[in-house]
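Peer 1: Going by this note's numbering, the final residue of the sequence shown carries number 664, and the count climbs one at a time with no gaps.
Glycine included, C-beta positions come from ideal geometry on N, C-alpha and C.
One structure follows; several queries about it will come next.
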Amino acid sequence: MATPTASALLHPSPLPPPSLRLPPRHVAAPGVRRLAQPLRAGRPRLQAPPPAPPAAEEVAEQQDVTPPLRLLEPPQEEDPFPPEMEPADPDFYRIGYARMMRAYGIEFLEGPDGMGVYASRDVEPLRRARVIMEIPLELMLTITQKKPWMFFPDIIPLGHPIFDIIESTDPEMDWDLRLACLLLYAFDIQDNFWQLYGDFLPGPDECTSLLLAPKEDLMELEDEDLASEMLKHQQRAIDFWQKHWDKAVPLKLKRLARDHERFLWALSIVQSRSVNLKMRMGAFIQDANILAPYADMLNHSPNANCFLHWRFKDRMLEVMIKAGHAIKKGDEMTIDYMSGVNSKFMERYGFSSPTNPWELINFSSPAKIHMDSFLSVFNIAGLHDELYHNSALPSVETNFVDGAVVAAARALPTWSDGDVPAIPSVERKSAQVLQEECRQMLDSFSTTIEQDQQILDSDVHISKTREIAVKYRLHRKMLLQKIIESLDIYQDRILF
Ligand SMILES: C[S@@+](CC[C@H](N)C(=O)[O-])C[C@H]1O[C@@H](n2cnc3c(N)ncnc32)[C@H](O)[C@@H]1O
Numbered sequence: 169m170a171t172p173t174a175s176a177l178l179h180p181s182p183l184p185p186p187s188l189r190l191p192p193r194h195v196a197a198p199g200v201r202r203l204a205q206p207l208r209a210g211r212p213r214l215q216a217p218p219p220a221p222p223a224a225e226e227v228a229e230q231q232d233v234t235p236p237l238r239l240l241e242p243p244q245e246e247d248p249f250p251p252e253m254e255p256a257d258p259d260f261y262r263i264g265y266a267r268m269m270r271a272y273g274i275e276f277l278e279g280p281d282g283m284g285v286y287a288s289r290d291v292e293p294l295r296r297a298r299v300i301m302e303i304p305l306e307l308m309l310t311i312t313q314k315k316p317w318m319f320f321p322d323i324i325p326l327g328h329p330i331f332d333i334i335e336s337t338d339p340e341m342d343w344d345l346r347l348a349c350l351l352l353y354a355f356d357i358q359d360n361f362w363q364l365y366g367d368f369l370p371g372p373d374e375c376t377s378l379l380l381a382p383k384e385d386l387m388e389l390e391d392e393d394l395a396s397e398m399l400k401h402q403q404r405a406i407d408f409w410q411k412h413w414d415k416a417v418p419l420k421l422k423r424l425a426r427d428h429e430r431f432l433w434a435l436s437i438v439q440s441r442s443v444n445l446k447m448r449m450g451a452f453i454q455d456a457n458i459l460a461p462y463a464d465m466l467n468h469s470p471n472a473n474c475f476l477h478w479r480f481k482d483r484m485l486e487v488m489i490k491a492g493h494a495i496k497k498g499d500e501m502t503i504d505y506m507s508g509v510n511s512k513f514m515e516r517y518g519f520s521s522p523t524n525p526w527e528l529i530n531f532s533s534p535a536k537i538h539m540d541s542f543l544s545v546f547n548i549a550g551l552h553d554e555l556y557h558n559s560a561l562p563s564v565e566t567n568f569v570d571g572a573v574v575a576a577a578r579a580l581p582t583w584s585d586g587d588v589p590a591i592p593s594v595e596r597k598s599a600q601v602l603q604e605e606c607r608q609m610l611d612s613f614s615t616t617i618e619q620d621q622q623i624l625d626s627d628v629h630i631s632k633t634r635e636i637a638v639k640y641r642l643h644r645k646m647l648l649q650k651i652i653e654s655l656d657i658y659q660d661r662i663l664f
């Protein structure tokens, strides 16, 4: 008889056991991520994994959305992906398909931002959202945010010390520590899906999280606040590990995280890959932190073409293409992780972007430019917090306006006074003062844009965390440079 689990006693689980399991293979020892072998010379296409998936129409009948794309791709002639992108090992699909995960019209490829999800066919823009992935609840690791806390699947046996450790945490503040404990426990259970999936997660050397960064790499950020924030996060994780593991503990607990590095790695995985979702289960609506395999391979974009949706009736997490979005074969499928400044992305996910529309620069000079004039030069509209670029209107310079110009519109000090127009000479002066402040900020860095680029291009053995730290300061400088250029264009356009 199966061991009763602690959560089952607290909250009788309404879930049936997973219906299909693969035979045990090995215990996950994340470290080297598995990609298809050999590396592509004529990339192998997505192979037909067992068992046969349901017909697209059958799936459509179960849900009120447009039928999903065909499950398996016919062999294609031209390859829309650059040769440096590598396909995932066929086992990556197989272990999920055997457990009812479904993917439609997409491929998982190792690209410039690690593994990502890419369209394997064109999709016409549709009036309704279209499903590209379905992930059953049984495959996800889930912990609710509020008490009484619950977790799914119900895997922890009553009396296991990890239960008490999770129980000792604060559900709202310590969601990441809790999920990391559950993940480490899942890795340790014979036959658990996460033992197999662990092979496809980034190992400690590939993970971009700053939780894994040595102090020297944090110094490369040239952002004292972010560096000291990350040192605090690291210390919190080490303290937690020391409190629960660094003493005489039963082997069944010890082996989950023999050293604090293992715990820090699990925490990095949780922080950078989990999502927060409202899940409806029976009468309950739960605010849950979840690790959803396969969906956790979606990279971020502020202009994401996909979103996540909880399908209540059969407890599936769906990844859907947004209504009205045209997709071309080879396009990356993305979701929007959050709207935040680069330092927030670095804190949680370990990446930044030179075109993050939410990035902020704090100007100290009293100079201001006329808000509406600046916005109209670049076809930017919307309320101040939700500025967006209207690319349908003829633009100043092809491709010049991107997220960085939207960020400039939000960050630059502006004035607005009813219908009072801007006076060109005053505007020009203000723009020049602001440009000068940008130059001073650029000068305050210890390296230039070119030197950073040189470091990234020349050091092939650079560690992941050093690379992202150098990119972070580079992205800041690229934004400052772009603001200077935007103000040049602004002066040209407003004055003549
Ligand atoms: C949810 S995972 C996505 C899958 C991931 N690329 C992988 O290789 O497993 C989040 C991680 O992907 C990377 N990532 C996601 N979006 C990115 C972006 N827009 N730019 C750079 N890296 C990104 C970061 O390393 C981040 O921590």
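Between the alpha carbons of SER584 and GLU605, how many angstroms are there, rounded?
Peer 2: 21 Å
Peer 1: Near LYS650, what residues of its chain come up, given a Cβ to Cβ distance below 6 Å and the 5 sequence neighbours on each side ignored?
Peer 2: ALA572
Peer 1: Just to confirm the assignment, what range does the alpha helix (DSSP H) spanning GLY264 have?
Peer 2: Note, GLY264: alpha helix (DSSP H), 258-265.
Peer 1: Would you identify the three-state DSSP class for PRO242, choosing helix, strand or coil?
Peer 2: Model confidence at PRO242 stands at a pLDDT of 42, short of 50, so the residue's coordinates are unreliable; what they give is reported in the following sentence. Three-state result, PRO242: coil.
Peer 1: My output table needs one value for VAL291: the three-state DSSP class, helix, strand or coil.
Peer 2: strand
Peer 1: Starting from the Cα of TRP409, find the closest Cα among ILE263, ALA434, ALA577, PRO304 and give me that residue.
Peer 2: ALA434
Peer 1: Exposed or buried, which one is SER288 when buried takes at least 16 other CB atoms within 10 Å?
Peer 2: buried
Peer 1: Which residues in the same chain as ASP149 place their Cβ atom closer than 7 Å to its Cβ, once the five residues preceding and following it in sequence are excluded?
Peer 2: Outside the shown range of the chain (169 to 664) lies residue 149, about which nothing can therefore be said.
Peer 1: What are the start and end residues of the beta strand (DSSP E) that includes ASN510?
Peer 2: Segment 510-516 is the alpha helix (DSSP H) holding ASN510; no beta strand (DSSP E) there.
Peer 1: Our contact map puts VAL291 next to GLY279 with C-beta atoms below 8 Å; I'd like the distance itself, whole angstroms only.
Peer 2: Going by Cβ atoms, the distance from VAL291 to GLY279 rounds to 19 Å, so no, they are not a contact pair.
Peer 1: Can you tell me whether DSSP reads LYS446 as helix, strand or coil?
Peer 2: strand
Peer 1: Using the Cβ count rule (16 or more neighbours within 10 Å means buried), how would you classify ILE453?
Peer 2: Exposed is the call here.
Peer 1: Could you check what DSSP says for PRO235 in three-state terms: helix, strand or coil?
Peer 2: Confidence at PRO235 is low in this model, with a pLDDT of 44, below 50, so the placement of that residue should be treated as unreliable; the coordinate-derived value is given next. Correct three-state label for PRO235: coil.
Peer 1: Just to check, is the beta-carbon of GLY282 closer than 6 Å to a non-hydrogen atom of ligand 1?
Peer 2: At least one heavy atom of ligand 1 is found less than 6 Å from the C-beta of GLY282.
Peer 1: Are the segment 485-494 and the segment 297-305 in contact at 8 Å, needing three or more beta carbon pairs?
Peer 2: yes
Peer 1: To the nearest angstrom, report how far apart LEU432 and PRO382 are at their CA atoms.
Peer 2: 12 Å
Peer 1: So is the beta-carbon of GLY518 under 6 Å away from any non-hydrogen atom of ligand 1?
Peer 2: yes
Peer 1: Could you compute how far the alpha carbon of VAL443 sits from the alpha carbon of GLU500?
Peer 2: 19 Å
Peer 1: I'd like to know whether the C-beta atoms of PHE355 and GLY371 end up nearer to each other than 7 Å.
Peer 2: no
Peer 1: Does the beta-carbon distance from LEU305 to PHE361 come in below 7 Å?
Peer 2: Against a cut-off of 7 Å, the Cβ pair of PHE361 and LEU305 comes out as no contact.
Peer 1: HIS468 bridges to which residues according to DSSP?
Peer 2: ILE503
Peer 1: Give a yes or no on whether the minimum CB-CB distance between MET488 and chain C is below 7 Å.
Peer 2: Absent from the structure is chain C; it holds one protein chain and no more.
Peer 1: If you count every other CB in all the chains shown that lies within 10 Å of the CB of GLN659, and 16 or more means buried, which is it?
Peer 2: buried
Peer 1: Tell me which same chain residues have a C-beta within less than 8 Å of the C-beta of SER532, skipping the five on either side of it?
Peer 2: GLU605
Peer 1: Could you tell me the alpha carbon to alpha carbon distance between ARG634 and GLU429, rounded to whole angstroms?
Peer 2: Cα to Cα, the separation comes out at about 18 Å.
Peer 1: For ASN457, verify whether its CB is less than 6 Å away from any heavy atom of ligand 1.
Peer 2: no
Peer 1: Taking the alpha carbon of PRO321 as the point to measure from, which residue in ASP342, LEU347, PRO329 has its own alpha carbon closest?
Peer 2: LEU347
Peer 1: Sorted by chain position, which residues of the same chain lie with C-beta nearer than 6 Å to PHE480's C-beta, five sequence neighbours on each side aside?
Peer 2: ARG448
Peer 1: Is ARG607 buried or exposed, if buried means 16 or more other CB atoms sit within 10 Å of its CB?
Peer 2: exposed
Peer 1: Within its chain, find whatever has a CB closer than 6 Å to the CB of ALA256; leave out the 5 residues flanking it on each side and keep chain order.
Peer 2: Answer for ALA256: PHE276, listed in chain order.
Peer 1: Would you say the beta carbon of ARG441 is closer than 6 Å to some non-hydrogen atom of ligand 1?
Peer 2: yes
Peer 1: What residues are listed by DSSP as bridge partners for CYS474?
Peer 2: ILE489
Peer 1: With C-beta atoms as the reference, is ALA576 less than 7 Å away from LEU555?
Peer 2: Not a contact, by the Cβ cut-off of 7 Å.
Peer 1: Locate the alpha helix (DSSP H) running through PHE276, then write down its first and last residues.
Peer 2: Taken as a continuous stretch (DSSP letters only), PHE276 belongs to no alpha helix (DSSP H), being part of the beta strand (DSSP E) at 274-279.
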